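S.K.: Provided herewith is a single structure, encoded as structure tokens, for subsequent inquiry.
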Amino acid sequence: AQASQIPAFSGENFLSDGLHIPLLANVGTGEDALKAAAAGAEGVGLLRTEFCFLDRESEPTVEEQITAYGGVLAAFPGKKVVIRTLDAGADKPLPFLTVADEHNPALGVRGYRTDTTSPGVLERQLQAIAMATAAHDADVWVMAPMISTAEEAANFTAMARAAGLATAGVMVEVPSAALTASAILGEADFASLGTNDLTQYTMAADRQLGPLATLNDPWQPAVLQLIKLTADGAFQAQVTTGLPKPVGVCGEAAADPALAVVLVGLGVSTLSMSARALAPVAAVLTTVSLADAQRLAAVALHAKSASAARQAVREQLPILEQLG
Ligand code: PEP
Ligand code: MG
């Protein structure tokens, strides 16, 4: 099928019953952000800040950081921008932050954990984010990668608040975080599911190894179960605290139109993806209601394999044939 069969994305995404599911963009630079804004993204669901500094041997100064983050904020005036603090380590090493000589870097000192080995870097980054926020008319949400416990979530949230940032959340990309989502969201304002790492850690399959691609598939029912647990935990935390606790997805799973339907059915309220995925995902989501998405999520959850889940859901979304 031709790409031209996909209607252009108008900028706001609704299910067939009128439910608004914002589609946001994953970006690494200000240039990416401009492209995402042109493609209709309602905001940024994941700014991978480590992408701003991949070539750096030393920690960027606060001023340099303000410039880099400001470039992204300028592309989305007044809109939601989720800034993730440095996720250094494993597949994204940063010379100034990553501990060398680990036997298992994916299980090592990466993401939020680098605060223990390089104290101060995270505080300075949060300061830079707060200053960039103050300089722009942006709705900035800050979040930490590789959070494993409610205690880590509480510590991060306290650091973000101390820097003057109003909205602080965590990525759920480690199975322990999904399993304890209600406690974690008792501490944090929101969660964003990183399905790339959540799949890797749930299936014990390195995300960079081609021969493990069958295991490393976000359609795996075990991964879907953890996504559901996260959404259910968020709902519990919402009831307990009386505060909204939104859960989004910013892993590659959100860019698969059929899986996007399943994610919404599991209780996810925003989806973030690379700019080119916005139009096809929107085209499919407009054809389903929340009740349809919930029914398809149940089908996927109870499938015997990732491929069976994918096939069973795809069969019930005839629009996919037009999209190719
Ligand atoms: C993820 O793990 O799904 C994610 C969005 O983060 P990254 O791919 O940068 O690890
Ligand atoms: Mg990740």
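Each residue of the sequence shown is one higher than the last, beginning at 801 in the numbering used here.
Glycine included, each C-beta is placed from N, C-alpha and C at the ideal position.
These figures come from a predicted structure and were not determined experimentally.
So, with DSSP's three-state summary, where would you put Ala1100?
M.R.: Against the sequence shown, residue 1100 aligns to sequence position 300. Three-state DSSP puts Ala1100 in a helix.
S.K.: Going by the C-beta, is Asn955 closer than 7 Å to any heavy atom of ligand 2?
M.R.: Here the question's residue 955 lines up with position 155 in the sequence shown. Not so, every heavy atom of ligand 2 lies at least 7 Å from the Cβ.
S.K.: Mark His1102 as exposed unless 16 or more other C-beta atoms lie within 10 angstroms of its C-beta, in which case mark it buried.
M.R.: To locate residue 1102, count along the sequence shown from 1; it is residue 302. With fewer than 16 other Cβ atoms within 10 Å, it is exposed.
S.K.: Just how far apart, CA to CA, sit Val1062 and Ala1093?
M.R.: Walking along the sequence shown from the start, residue 1062 turns up at place 262. Walking along the sequence shown from the start, residue 1093 turns up at place 293. Cα to Cα, the separation comes out at about 6 Å.
S.K.: Please classify Arg913 as buried or exposed, where buried requires at least 16 other C-beta atoms within 10 Å of its C-beta.
M.R.: Along the sequence shown, read from residue 1 onward, the residue named residue 913 stands at position 113. Buried is the call here.
S.K.: DSSP puts Leu847 in a beta bridge; with which residues?
M.R.: Start at 1 with the first residue of the sequence shown, and residue 847 comes out as number 47. Bridge partners of Leu847: Val827, Ile883.
S.K.: Applying the 10 Å Cβ sphere with the 16-neighbour rule, what's the burial state of Glu1115?
M.R.: If you number the sequence shown from 1, residue 1115 lands on position 315. The residue in question, Glu1115, is exposed, as its Cβ has fewer than 16 Cβ neighbours within 10 Å.
S.K.: In or out: Gln1111 buried (at least 16 other Cβ within 10 Å) or exposed?
M.R.: As a first step, residue 1111 must be located in the sequence shown, where it is residue number 311. When all chains shown are included, Gln1111 counts as exposed.
S.K.: Report the three-state DSSP secondary structure of Gly994 (helix, strand or coil).
M.R.: Counting from one through the sequence shown, the residue named residue 994 turns up at place 194. Note: Gly994 maps to coil in three-state DSSP.
S.K.: Per DSSP, what are the beta-bridge partners of Met971 in this structure?
M.R.: Taking the sequence shown and counting its residues from 1, the one referred to as residue 971 is at position 171. Note: Met971 sits in a beta bridge opposite Ser992.
S.K.: So, do the stretch 864-884 and the stretch 939-949 have three or more beta carbon pairs nearer to each other than 8 Å?
M.R.: Enough Cβ pairs lie closer than 8 Å, so yes.
S.K.: Quick one: give me the first and last residue of the alpha helix (DSSP H) that Ser1107 is part of.
M.R.: Residue 1107 sits at position 307 when you count from the first residue of the sequence shown. Segment 1106-1115, the alpha helix (DSSP H) holding Ser1107.
S.K.: If I measure Cβ to Cβ from Glu859 and keep anything under 7 Å in the same chain, skipping five residues before and after, which residues do I get?
M.R.: Against the sequence shown, residue 859 aligns to sequence position 59. Closer than 7 Å at Cβ, skipping near neighbours: Phe896, Val921.
S.K.: Hey, could you find the ends of the alpha helix (DSSP H) Gly1033 is sitting in?
M.R.: Mapped onto the sequence shown, residue 1033 falls at position 233. Here the alpha helix (DSSP H) through Gly1033 covers 1021-1041.
S.K.: Return yes when the Cβ of Ala1077 is within less than 8 Å of the Cβ of Ala1055, no when it is not.
M.R.: Locating residue 1055 in the sequence shown gives position 255, counting from the first residue. Locating residue 1077 in the sequence shown gives position 277, counting from the first residue. Yes, Cβ-Cβ distance for Ala1055 and Ala1077 is below 8 Å.
S.K.: Per the DSSP calculation, Met943 is bridged to which residue(s)?
M.R.: Translated into positions along the sequence shown, residue 943 becomes position 143. According to DSSP, Met943 bridges with Arg884, Gly969.
S.K.: Over the uninterrupted alpha helix (DSSP H) stretch that includes Ala982, give me the two end residues.
M.R.: Against the sequence shown, residue 982 aligns to sequence position 182. Per the sequence shown, the amino acid found at residue 982 is Ser instead of Ala. Run containing Ser982: 981-987, per the alpha helix (DSSP H) assignment.
S.K.: Just to confirm, does Leu894 get its C-beta within under 7 Å of one of the non-hydrogen atoms of ligand 1?
M.R.: For the purposes of this step, residue 894 is identified with residue 94 of the sequence shown, where counting begins at 1. Not so, every heavy atom of ligand 1 lies at least 7 Å from the Cβ.
S.K.: Tell me, please, whether the stretch 1085-1092 touches the stretch 831-847 by the rule of three or more beta-carbon pairs shorter than 8 Å.
M.R.: Judged by Cβ distances under 8 Å, the stretch 1085-1092 makes no contact with the stretch 831-847, as fewer than three pairs qualify.
S.K.: Helix, strand or coil, according to DSSP, for Phe853 in the structure here?
M.R.: As a first step, residue 853 must be located in the sequence shown, where it is residue number 53. Reduced to three states, the DSSP call for Phe853 is helix.
S.K.: At the level of alpha carbons, what is the spacing between Arg884 and Gly1124?
M.R.: Translated into the one-based positions of the sequence shown, residue 884 becomes position 84. Translated into the one-based positions of the sequence shown, residue 1124 becomes position 324. Roughly 33 Å separates the two Cα atoms.
S.K.: Any chance the CB of Arg848 is under 7 Å from a heavy atom of ligand 1?
M.R.: For the purposes of this step, residue 848 is taken as residue 48 along the sequence shown, with counting starting at 1. Yes, the beta carbon of Arg848 sits closer than 7 Å to at least one heavy atom of ligand 1.
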